[in-house]
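Chains as they are written, first to last, in the working numbering: chain C, 1 to 368; chain H, 1 to 85. Positions of the beta carbon are idealized from the N, C-alpha and C atoms, including for glycine. The structure presented is a predicted model; accordingly, all values stated were derived computationally and were not measured.
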Amino acid sequence: MPVRTAHATVIGADDVARAMRAELASVEPVVVLYFAGGRRDPRALAEAMQRAFPGALVVGCTTAGEREGRAWRKGSVVAMALGSEIVRDAAVAVIEDVRSRADVKDALAPLETHFGRPLSSLDPSQHVGLLLIDGLSNAEERLMDRLGDLTDIPILGGSAGDDLTFTSTWVAKDGMAFTNAAVLLLLEPAVPFRAWKTQSFRPLDRTLRVTACDEAGRVVHAFDGKPAAARYAEVLGIPPEELAHHFQNHPLGLMVGDEPFVRSPQQIRGESVVFYCNVPEGTVLTVLEASDIVEDTRRALATAREELGGASALIGFDCVLRTLEIETRGLVEPYGTIFEGIPTVGFSTYGEQFLGHVNQTATMLLFG
Amino acid sequence: MSGKVKQIIDAIVAHRSRGNPTMAGFVRAKLMLKGIDPSKHTDTTSDDPEVLRKLEALARELGVDLSAQPAGVSWRPPPSSGPQR
């Protein structure tokens, strides 16, 4: 079989790995991806999963929820084994100390050695990168910016979670688990593929210019020369004390053509607004309005599937803010049907990556 | 000085996209995410020194020959950290 997915709810690392080995036995995997929620030892799990699949690249991370097919789970481990019919070649690199390292070029050398050429010369129609990064690192923007300089291949991914405890998130490869790190899995698919992002918002005809900020701290102090929280509320036409209640449905977007790159507000701090991503000074952001998350996601996947003429496997990274919305609005079942019939794994993320770092977005890789 | 930012943006987009419109869109999006809006820079807009510095550094790393016109920009492999085939 070219691909198979599995899940386990047992806690012990060896028990999880044993269960996965049994469920995925029909695939001779090139790559095994796993996403793990719940209270498990990430180091022990990484070790056990690599032992269970010694011939494969085993890559994983911790989550704020897991998807396998149409099923949404919490506290479980989900996995996907990809055989050579789907992935022709693959290599993985770990980028440690993402918060403070000066550059990442040297960390990516194993990828260049494996493929025998610089990342800058890899064909973007033949290669794709999956990024898993410590969701508490605050380093996603800088890393994606640098990766975007170094290569033209599409890179998508998700920020690891930890069941909303915000204590520590982990990424794993080669039987080792890391914090303050990212893992970049470079794939050469054997089938056509599509990578995209989808977010369920429409732009309104209102903008906010960032005029004072702490970019690294993800804090905006002023919009249009006015205190950020007050100005944001003013543009929404609501009293300032109600602003936080509108964050979910009215985040902001950096518009690239008609496409929003969502910047989600997290909290009000004094007169400032803290975001889930960097917002540089001078940026003009557009106020967004929530649309139909089920229909928008369904349509996006259907479009990709139609372009490919089929779907053999899907890997998805779905913002925890989206999954919270889906749960709160009782949409778990209808949202799950979107993935019916496609071998799918994914997880609920603390941030997503597609060209850059984004929020309240789902990024997906579909194999044809 | 004016127009230099636009020249460098055009050269970078041409270099990275190799004539592929989809890739050109991605390159422009990446510039937007860096805080550089290509649509805001024309042949006559004043060049922001900080933006110019960022773009010149990026062009240098990518091996973009800024002395050529965008349509005929020459290309050489950027400095590499790995083996070449």
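Report task. Counting only the same chain and skipping the five closest in sequence on each side, list residues whose C-beta sits under 6 angstroms from that of residue 77 of chain H. Result -> Position 77 of the second sequence, counted from the start, is the residue given in the question as residue 77 of chain H. Note that residue 77 of chain H has pLDDT 35, beneath the 50 cutoff, so the model's placement of it is unreliable and the number below is only indicative. Excluding residues within five positions, none has a Cβ falling inside 6 angstroms.
Query raised in the report: Apart from the five residues on each side of it in sequence, which residues of its chain come closer than 8 angstroms, Cβ to Cβ, to residue 26 of chain C?
Result: Here residue 26 of chain C refers to the residue found at position 26 when the first sequence is read from its first residue. Here the set comprises 1 and 4.
Query raised in the report: What separation, rounded to the nearest whole angstrom, lies between the Cα atoms of residue 315 of chain C and residue 106 of chain C?
Result: For the purposes of this step, residue 315 of chain C is taken as the residue at position 315 of the first sequence. For the purposes of this step, residue 106 of chain C is taken as the residue at position 106 of the first sequence. C-alpha separation (whole angstroms): 28 angstroms.
Query - residue 114 of chain C - containing beta strand (DSSP E), residue span - result: Stepping through the first sequence from its first residue, residue 114 of chain C is reached at position 114. No beta strand (DSSP E) contains residue 114 of chain C, which is instead part of the alpha helix (DSSP H) from 109 to 115.
Report task. Ignore the nearest five residues each way along the sequence and tell me which others in residue 73 of chain H's own chain have a CB closer than 8 angstroms to its CB. Result -> Position 73 of the second sequence, counted from the first residue, corresponds to residue 73 of chain H. Confidence in residue 73 of chain H is poor, its pLDDT being 39 and thus under 50, which makes the residue's placement unreliable; the coordinate value appears in the next sentence. Only 11, 14, 15, 64 and 65 meet the Cβ criterion.
Query raised in the report: Is it true that the CB of residue 60 of chain C sits closer than 8 angstroms to the CB of residue 350 of chain C?
Result: Sequence index remark: in the first sequence, residue 350 of chain C carries index 350 (1-based). Sequence index remark: in the first sequence, residue 60 of chain C carries index 60 (1-based). Result no, Cβ atoms of residue 350 of chain C and residue 60 of chain C do not sit closer than 8 angstroms.
Report task. Within its chain, find whatever has a CB closer than 6 angstroms to the CB of residue 293 of chain C; leave out the 5 residues flanking it on each side and keep chain order. Result -> Here residue 293 of chain C refers to the residue found at position 293 when the first sequence is read from its first residue. Cβ within range, chain order: 200.
Report task. Could you check which residue in C:102, C:320, C:367 and C:197 has the C-alpha nearest to that of residue 343 of chain C? Result -> Here the question's residue 343 of chain C lines up with position 343 in the first sequence. Nearest option by C-alpha distance: C:367.
Query raised in the report: Closer than 8 angstroms, CB to CB, is residue 413 of chain C near chain H or not?
Result: Not covered by the structure: residue 413 of chain C. The range shown for chain C is 1 to 368.
Query raised in the report: What are the uninterrupted segments assigned as beta strand (DSSP E) that are 3 or more residues long and contained completely in the region 230 to 285 of chain C, given in chain order?
Result: 252 to 256, 259 to 263, 265 to 269 and 272 to 275
Query raised in the report: So, are the CB atoms of residue 181 of chain C and residue 92 of chain C less than 8 angstroms apart?
Result: Here residue 181 of chain C corresponds to residue number 181 of the first sequence, with the count starting at 1. Here residue 92 of chain C corresponds to residue number 92 of the first sequence, with the count starting at 1. Cβ atoms of residue 181 of chain C and residue 92 of chain C: not closer than 8 angstroms.
Query raised in the report: What separation, rounded to the nearest whole angstrom, lies between the Cα atoms of residue 243 of chain C and residue 288 of chain C?
Result: Residue numbering aside, residue 243 of chain C sits at position 243 when the first sequence is read from its first letter. Residue numbering aside, residue 288 of chain C sits at position 288 when the first sequence is read from its first letter. For residue 243 of chain C and residue 288 of chain C, the distance between alpha carbons rounds to 14 angstroms.
Query raised in the report: How long is the line joining the alpha carbons of residue 165 of chain C and residue 77 of chain C, rounded to whole angstroms?
Result: Counted from its first residue, the first sequence places residue 165 of chain C at position 165. Counted from its first residue, the first sequence places residue 77 of chain C at position 77. Residue 165 of chain C and residue 77 of chain C: Cα-Cα distance of roughly 17 angstroms.
Query raised in the report: Per DSSP, which one or two residues make a beta bridge with residue 189 of chain C?
Result: Looking up residue 189 of chain C in the first sequence gives position 189. DSSP, once it has assigned bridges, lists C:87 as partnering residue 189 of chain C.
**Report entry** Own chain, CB closer than 6 angstroms to residue 230 of chain C, minus 5 neighbours either side, in chain order
**Finding:** As a position in the first sequence, residue 230 of chain C is number 230, starting the count at 1. Closer than 6 angstroms at the Cβ level, and outside the excluded window around residue 230 of chain C, lie 240.
Query raised in the report: Under the three-state reduction of DSSP, which class applies to residue 26 of chain C: helix, strand or coil?
Result: By one-based count along the first sequence, residue 26 of chain C stands at place 26. Of the three classes helix, strand and coil, the one that applies to residue 26 of chain C here is coil, per DSSP.
Report task. Spatial neighbours of residue 304 of chain C within its chain, please: CB distance less than 7 angstroms, with the 5 preceding and 5 following residues excluded, ordered by chain position. Result -> Taking the first sequence and counting its residues from 1, the one referred to as residue 304 of chain C is at position 304. Once the five neighbours on either side are set aside, the close Cβ partners of residue 304 of chain C are 194, 196 and 366.
Requested in this report: With 8 angstroms as the threshold, decide whether the Cβ of residue 77 of chain H is near any Cβ in chain C.
Outcome: As a first step, residue 77 of chain H is located in the second sequence; it is residue number 77 there, counting from the start. Note that residue 77 of chain H has pLDDT 35, beneath the 50 cutoff, so the model's placement of it is unreliable and the number below is only indicative. Cβ-Cβ to chain C under 8 angstroms: yes for residue 77 of chain H.
Query raised in the report: Does any residue of chain H bring its CB to less than 8 angstroms from the CB of residue 361 of chain C?
Result: Residue numbering aside, residue 361 of chain C sits at position 361 when the first sequence is read from its first letter. Answer no: the Cβ-Cβ gap between residue 361 of chain C and chain H never drops below 8 angstroms.
Report task. Would you kindly work out how many angstroms separate the C-alpha atoms of residue 80 of chain H and residue 60 of chain H, rounded to a whole number? Result -> Counted from its first residue, the second sequence places residue 80 of chain H at position 80. Counted from its first residue, the second sequence places residue 60 of chain H at position 60. At residue 80 of chain H the pLDDT is 33, less than 50, meaning the model places this residue with poor confidence; the figure from the coordinates comes in the next sentence. Approximately 13 angstroms, taken between the alpha carbons.
Query raised in the report: For residue 59 of chain H and chain C, any beta-carbon pair shorter than 8 angstroms?
Result: Looking up residue 59 of chain H in the second sequence gives position 59. Not one chain C Cβ lies under 8 angstroms of residue 59 of chain H.
Query raised in the report: Could you give the distance in angstroms between the alpha-carbon of residue 83 of chain H and the alpha-carbon of residue 122 of chain C?
Result: Counted from its first residue, the second sequence places residue 83 of chain H at position 83. Counted from its first residue, the first sequence places residue 122 of chain C at position 122. Residue placement at residue 83 of chain H is flagged as unreliable, the pLDDT there being 31, under the threshold of 50; the coordinate-derived value follows with that caveat. About 13 angstroms.
Query - Short CB-CB distance (under 8 angstroms) between residue 261 of chain C and chain H - result: Translated into positions along the first sequence, residue 261 of chain C becomes position 261. Output row for residue 261 of chain C: interface = yes.
Query - Same chain, Cβ closer than 7 angstroms to residue 58 of chain H, five either side skipped, listed in chain order - result: Position 58 of the second sequence, counting from 1, holds the residue named residue 58 of chain H. So the qualifying residues of the chain are 12.
Query raised in the report: Would a check of beta-carbon distances place residue 6 of chain C closer than 8 angstroms to chain H?
Result: Residue 6 of chain C sits at position 6 when you count from the first residue of the first sequence. No - not a single Cβ of chain H is within 8 angstroms of the one on residue 6 of chain C.
Query raised in the report: Taking C-alpha atoms, which residue in C:16, C:235, C:21 and C:102 lies nearest to residue 53 of chain C?
Result: Numbered from its first residue, the first sequence carries residue 53 of chain C at position 53. Selected option, being the one with the closest Cα: C:21.
Query raised in the report: Ends of the alpha helix (DSSP H) at residue 136 of chain C?
Result: The residue given as residue 136 of chain C occupies position 136 in the first sequence. Element bounds for residue 136 of chain C: n/a, residue is neither H nor E.
**Report entry** Where the beta strand (DSSP E) through residue 207 of chain C begins and ends
**Finding:** Reading the first sequence from its first residue, position 207 is the one you call residue 207 of chain C. Taken as a continuous stretch (DSSP letters only), the beta strand (DSSP E) holding residue 207 of chain C covers 201 to 214.
Query raised in the report: Taking only beta-carbon atoms, is residue 149 of chain C less than 8 angstroms away from chain H?
Result: Working through the first sequence from its first residue, we reach residue 149 of chain C at position 149. Judged by the 8 angstroms Cβ criterion, residue 149 of chain C is in contact with chain H.
Report task. Check whether the region 200 to 212 of chain C touches the region 245 to 254 of chain C, taking contact to mean three or more Cβ pairs, one atom from each stretch, closer than 8 angstroms. Result -> yes
Query - Buried or exposed (CB count within 10 angstroms, at least 16 for buried), residue 306 of chain C - result: Numbered from its first residue, the first sequence carries residue 306 of chain C at position 306. Classification of residue 306 of chain C: exposed, given that the 10 Å Cβ count is below 16.
Query raised in the report: From H:24, H:35, H:43 and H:30, pick the residue whose C-alpha is nearest to that of residue 285 of chain C; which is it?
Result: Taking the first residue of the first sequence as position 1, residue 285 of chain C is located at position 285. Of the candidates H:24, H:35, H:43 and H:30, the one whose C-alpha sits nearest the C-alpha of residue 285 of chain C is H:35.
**Report entry** Short CB-CB distance (under 8 angstroms) between residue 16 of chain H and chain C
**Finding:** For the purposes of this step, residue 16 of chain H is taken as residue 16 along the second sequence, with counting starting at 1. With 8 angstroms as the cut-off, residue 16 of chain H counts as an interface residue toward chain C.
Report task. Quick one: grab the DSSP three-state call for residue 7 of chain H. Result -> Taking the first residue of the second sequence as 1, we reach residue 7 of chain H at position 7. DSSP places residue 7 of chain H in helix when its eight states are reduced to three.
Query raised in the report: Residue range of the beta strand (DSSP E) that residue 36 of chain H falls in?
Result: On the second sequence, position 36 is the one that residue 36 of chain H refers to. First-last for residue 36 of chain H: undefined, no H or E at that position.
Query raised in the report: Can at least three beta-carbon pairs, one atom from the region 274 to 285 of chain C and one from the region 354 to 365 of chain C, be found at a separation below 8 angstroms?
Result: yes
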